[in-house]
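Just below is one structure, and these are the notes that go with it.
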Amino acid sequence: MRRWVLLRTVISGLGIGLLIGAGCVAAGWALRSAVPRPLLAAGFGLLGATLGVLLARRRAFSDEEVALYLDARLDSDEIIVTALPLAEAAEAGAETDAAWVIVSRATTLLQGAPARSVRPRLFTQSHLLLPAGLALVTALSMLAPRPLPAEPPAPAGSERVSEVSTPELDEVIEALAKAKAQDKAQEERLAELRAKANALREKLQAGAPRREILAELGDLADGISREQLALGEGAEREGFEAALERLKQAELEGARRALGEHDATRLDDELAKKANAAAQKSRVEARQALEAAAKAAREGGAEAVAKALDEQLKRFDEQAARADKLRELGSALSKNLSEEAKRDLEEMNASGDAEAQKRFAEAVDKALADLSPEDLEKLKQDLQQKLKDQASKAGSADAGQGKLTPEQQKELEELIKQLESEAGRKALAEAMQQAANGQPPSADAARQQELGAAADSLSGMKQRISGEAPAPGAGTGQAGRGPGAASPKPPGLTPAIDKPTVVSKASANLRPGVPLPGSTVGRTSSRPGETANRSGTGELGRVGPDEIGGVSQSDVPEEYREQVGRYFQP
Amino acid sequence: MAEPTPTPASFEAKLELARETSARLAAAIGEVVVGQTEVVDQVLWGLLAGGHVLLEGAPGLGKTLLVRTLAASLHLAFSRIQFTPDLMPSDVTGTNVLVTAADGSRHFTLHKGPIFGQIILADEINRATPKTQSALLEAMQEHACTIAGIRHAMEQPFFVLATENPIEMEGTYPLPEAQLDRFLLKVVVPSPSEDELTEIIARTTGAPKSPPAAVLTQAEVLSLQAACRAVAVAEPVMRYAARLVGKSDPDAKDAVPLVKSAIRFGAGVRGAQSLVLAAKAVSLLEGRAQVSFADIKRVAKPVLRHRLIRSFEGEADGVTTDRVTEALLEAVPTVPQKVERG
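Protein chains in written order, with my numbering: chain A, 9 to 578; chain B, 549 to 890.
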C-alpha cells in the first residue's frame, strides 16, 4: 500500500515538475536561452519526481494509519487497527481471549479481501498535470527559436568621421599663431587653443565619432570667440567701464559703443572719422577724451584696455596729420582738382568719412602725378607763402582766424620739403596712396579679424562634418544638396504659379541621426552671458558684449534703473 | 460469583450470548412495551456497561413500565422508590430499628431500604430534596451504602434507572451537574408514533397480560458485564473519544464555534470514560470484540447530553446539547485526512 502511495506521489511530483519545466522552457524560449528545451523540462520533471519521493517518504503511512485505511476500505469496524497492537502483544505472550478473537477475525478478514479492492487509487485528478506538462513541453520544444531582435539604431552622432585634409583647421592654427595677444595671459590661452586645434586635427585624421568631433569643434570655436572678444573683462571690468564713461562724456558715442561691444574694427573707423574731421575743436576734444579714457582704464586696472586706447590715440594723431596734409595739398591743388574731388574734400571735412577721404586722396595723388615742373614749383611757392602768412599772423591780433597748430605747421614744412626733392615727392605720392588705401587696422582689430575668420571657417567645418554642407571640393558643382539629383535650373527660376494667392508649406526633410541645422550637438548647458547666437564667457562676472548697458536700455522704470543696475553690477 | 475462565472459545460464546440475549431481551420487552427500541437498547448499554441510566420523558410514556419489564426479564431483585419532597434518606437506605429478642434482650437490627435491590427504579428523582437524592447518588457511585457508620456493599449487579419529568418543574429539585455526571447515559424517551400509540391502546385496554419470563440470570448478567469490559479499543478510537470530549470545552484552543457560543462547561474525564464504556456495550451487543468509530458516534448523544452545561446564551437561543453534540461529531474527524484520502 505504501508503495502505491509513493508511486502516486511521484507521478504527481513528475507532473508538477514537468509543468514548471514547461514554464521554464517557455521563459527560455522567450529569452532565447541556449539551454536545450527538452533537457530543461526533463530536469524539472526529475526534480519534481525526486521531491515527490521525498514528500511521500516524509508523509509515509504508519502501520496504524495503514490499518485505519484498510478498516475504512473494508468497512470492518476498526477491527484491523484494534488487532494490530493486540497481535504484537500476542507475539510477546500477552494474549487475551478478546485479543485472540479480534486477531483471528482480522486475519480472516484480510485474507478474504482481494488486494485490488483495498489498494489505494494510483491515479488522481492531479495526475492530469503529467500529460498536460508533456504536451506543453513537446509543443514548446518544437517551436522554432525566437528571432533575434533588430539591431538598435546607432545613437545620433556616434558614426566615425575621418578627414585627411582639414584646410579649416590649418587656417585656424595659422590664425592662432599669427594673432597678437593683448597680454601674457591671452598669449597662453591662444597657445592652448592652438594645441587644441592641433590635437583635433590629428584626431580627425585618425578618425573619431562625429559627436565628439563636433563637440570639440564647438569648444574650439567658443574659445576662439572668447579670445576674439576678450577686452576689459573680469578684473579689468571696472577700468573698462570707467573708460567707456569717459568716452561717453566726450560725446564719442560711436566709439563708446564700438569699444563696449569689443568691436575694434568699428572703433578704428569711428576714431578715424573724428581724426579726419576738419573741426579742430572736435578733434582736440576727442583726443583729450581718448587720453582720459586710457588714463581711467589704467587707473581701473584695465591695462589691456589702456594699451588699446593708447594705440588708438597714436593712430588718431597719425590719421589727423595725414588728413591735414591731404587737406593742405588739396587746398594748394584746388585748381587741378575736379568738382567731385572737391565734394569729397567737403564731405571728409564735415563727417570725416573714410570713403570720402579715400576718394579724395586718390584724386590728389592723381593731381600730383599730373603736375608739370612749373606747376610743381608754383605749388611749392604757394605753400611757402602760406607758411610765411602763418608766421606773420602769429604776431597779429587776429591770430585765432585760420591759424595753424604747431603740428599743422610742421606738417606744412615737411610737405614743402618733400616737394623740393624727387625722393620727397615720391614719398608724398606713397603717402597719398596709403591714405587712399586706408589706415591699417589696429592690433585688436587685426586680431579680431584674424580670429573672426578662423571662427567662421570653423563654423563652416562644423556644418560640413554634421552633414549640413558638402565637403569643400567634394561636390560636382551642381546646386542644391540632399539625396535627389540637383536641379538643372538655377534657384529662382521656378515656373510661375497660376494662383491668386500663394500658400507655402514648409516640409522639413528630417534625417534620422543627424542634428537639425543650427542645433547644438554634444554641448553642455549654456554658460553665463550666452545667448542664442552668441557664445557666453563661461564665467560669472564676465558678460557678453551685448549685455553691456542692458539695464539702461531695458524697460526698467527710470526710478528703479539705478538700483537694478547696481544689483547686476559684476 | 466466580468469573468464568477466559478462553477464546468462551469469549466467542459470550459475544454470541450477548448478541442473542440482546435480541431476546428486546423481544421480551417488546412484548410489553410498544416501540421505544432505541430506549431499550440504550438501557441495555447501561446495564452491560455497569452504569446507571437517567430516563427523561413526559408522564405516561412507559418509563416505569420499561424498567419493571426489564427487571422481570432479568432474574434480579427489583426495588422502586417513588421520590417525593418529604422522602427522607433513611427511607431510601433503610435504618437500624430496636428489636426485642425472644429472651427479652433488645438490640438494633438493620432494616434495609429499597436501595438494597439490584435494579432500582428511582421514579421522579428530581422531586426529592437534594439530601435524599444524595443518599441514592452515593450508592450509585460507590456501589455501597453507609448506615450508622457501617458500610454495606450492594449486591451486584447494581443498576439504577432514574426517571425525570421535564414538565411540572414546580416544586422540584433539579439534579446538580456533579450528580448528573454519575449517570452513564441520559435517555430521552420519545413520544410514541400513531401506530405505536394504537398498539399501546390495544394492549393496555384488554385483559392484563402476565409479565415476561426471565431471560437472563444474575450470573449471566455479571458475565456479560465482564465481557463488556474485555472488549478491546484501539488507540485511534480512544483518541477520537478524547478529541470529542476535548473539543466540547469552550475554552479549548480550537473549540467548535457552537461550543464556544452555547456551552459553559464541557464534558469531563467521566464523559470520555463513559463514551468508551458505552461504546463497548454497543459493540458487545452487536457481537463484536472491538469498538469502532461508529460506536462512539452512536453513544455520543446519550453520553454527552447531560454532561454539556449550556451557557446563558445557549439556553436563551434554545441550543440543545444534542445539537452541540452533532456539531462536535461533524467537526472532529475520526482519522487523519491523508488516511481519509487514501
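Every residue, glycine too, gets a C-beta built ideally from N, C-alpha and C.
The structure presented is a predicted model; accordingly, all values stated were derived computationally and were not measured.
Collapsed DSSP secondary structure at residue i in the structure displayed
i              : result
residue 26(A)  : helix
residue 696(B) : coil
residue 851(B) : helix
residue 630(B) : strand
residue 654(B) : strand
residue 217(A) : strand
residue 424(A) : helix
residue 645(B) : strand
residue 813(B) : strand
residue 671(B) : strand
residue 90(A)  : helix
residue 324(A) : helix
residue 533(A) : Low local confidence applies: a pLDDT of 48 at residue 533(A) is under 50, so the model's placement there is unreliable, with the coordinate-based value given in what follows. The answer is coil: DSSP assigns residue 533(A) none of H, G, I, E or B.
residue 609(B) : coil
residue 779(B) : coil
residue 559(B) : helix
residue 67(A)  : coil
residue 311(A) : helix
Minimum C-alpha distance to residue i - residue among the options
i              : options                        : result
residue 104(A) : 602(B), 838(B), 862(B), 863(B) : 838(B)
residue 248(A) : 229(A), 300(A), 135(A), 213(A) : 300(A)
residue 91(A)  : 306(A), 289(A), 67(A), 112(A)  : 112(A)
residue 579(B) : 559(B), 621(B), 561(B), 607(B) : 621(B)
residue 284(A) : 109(A), 331(A), 323(A), 453(A) : 331(A)
residue 781(B) : 575(B), 687(B), 828(B)         : 828(B)
residue 208(A) : 567(A), 570(A), 569(A), 470(A) : 470(A)
residue 382(A) : 396(A), 428(A), 43(A), 363(A)  : 428(A)
residue 704(B) : 626(B), 685(B), 655(B)         : 626(B)
residue 833(B) : 769(B), 607(B), 808(B)         : 769(B)
residue 66(A)  : 576(A), 322(A), 350(A), 14(A)  : 14(A)
residue 632(A) : 127(A), 74(A), 18(A)           : An answer regarding residue 632(A) cannot be provided, because it is not within the stretch 9 to 578 covered by chain A.
residue 610(B) : 637(B), 646(B), 738(B)         : 738(B)
Beta-carbon gap between residue i and residue j smaller than 8 Å
i              : j              : result
residue 156(A) : residue 40(A)  : yes
residue 708(B) : residue 600(B) : yes
residue 373(A) : residue 441(A) : yes
residue 228(A) : residue 201(A) : yes
residue 826(B) : residue 793(B) : no
residue 596(B) : residue 773(B) : yes
residue 631(B) : residue 680(B) : yes
residue 665(B) : residue 639(B) : no
residue 278(A) : residue 268(A) : no
residue 342(A) : residue 371(A) : no
Residue i, buried or exposed, once every other Cβ within 10 Å from all chains shown has been counted against 16
i              : result
residue 348(A) : exposed
residue 719(B) : exposed
residue 715(B) : exposed
residue 675(B) : buried
residue 616(B) : buried
residue 77(A)  : buried
residue 22(A)  : buried
residue 354(A) : exposed
residue 529(A) : With a pLDDT of only 47 at residue 529(A), under the threshold of 50, the placement of this residue in the model should not be trusted; the figure read from the coordinates follows. Flag for residue 529(A) reads buried.
residue 190(A) : buried
residue 724(B) : exposed
residue 7(A)   : Residue numbering for chain A in the displayed model covers 9 to 578; residue 7(A) lies beyond these limits and cannot be assessed.
residue 539(B) : The question about residue 539(B) has no answer here: the residues shown for chain B are numbered 549 through 890.
residue 788(B) : buried
residue 702(B) : buried
residue 53(A)  : buried
residue 172(A) : exposed
residue 885(B) : exposed
Chain-ordered chain D contacts of residue i [CB-CB under 7 Å]
i              : result
residue 107(A) : In the displayed structure, chain D is absent; the protein chains listed are A and B.
- Does the segment 852-863 of chain B come within contact of the segment 721-736 of chain B, defined as at least 3 CB pairs closer than 8 Å? yes
- Message: Below 8 Å, how does it come out for the segment 45-57 of chain A and the segment 82-92 of chain A: are there three or more Cβ pairs, yes or no?
- Response: no
- Message: Would you call the segment 141-155 of chain A in contact with the segment 18-28 of chain A, where contact means no fewer than 3 C-beta pairs closer than 8 Å?
- Response: yes
- Is the segment 590-599 of chain B touching the segment 858-868 of chain B, taking contact as three or more C-beta pairs under 8 Å? No: the two stretches stay apart, fewer than three of their Cβ pairs being nearer than 8 Å.
- Does the segment 266-276 of chain A touch the segment 453-461 of chain A, meaning 3 or more C-beta pairs lie closer than 8 Å? yes
- Do the segment 388-397 of chain A and the segment 416-423 of chain A meet, that is, are 3 or more Cβ pairs less than 8 Å apart? Counting Cβ pairs under 8 Å, three or more are found: they touch.
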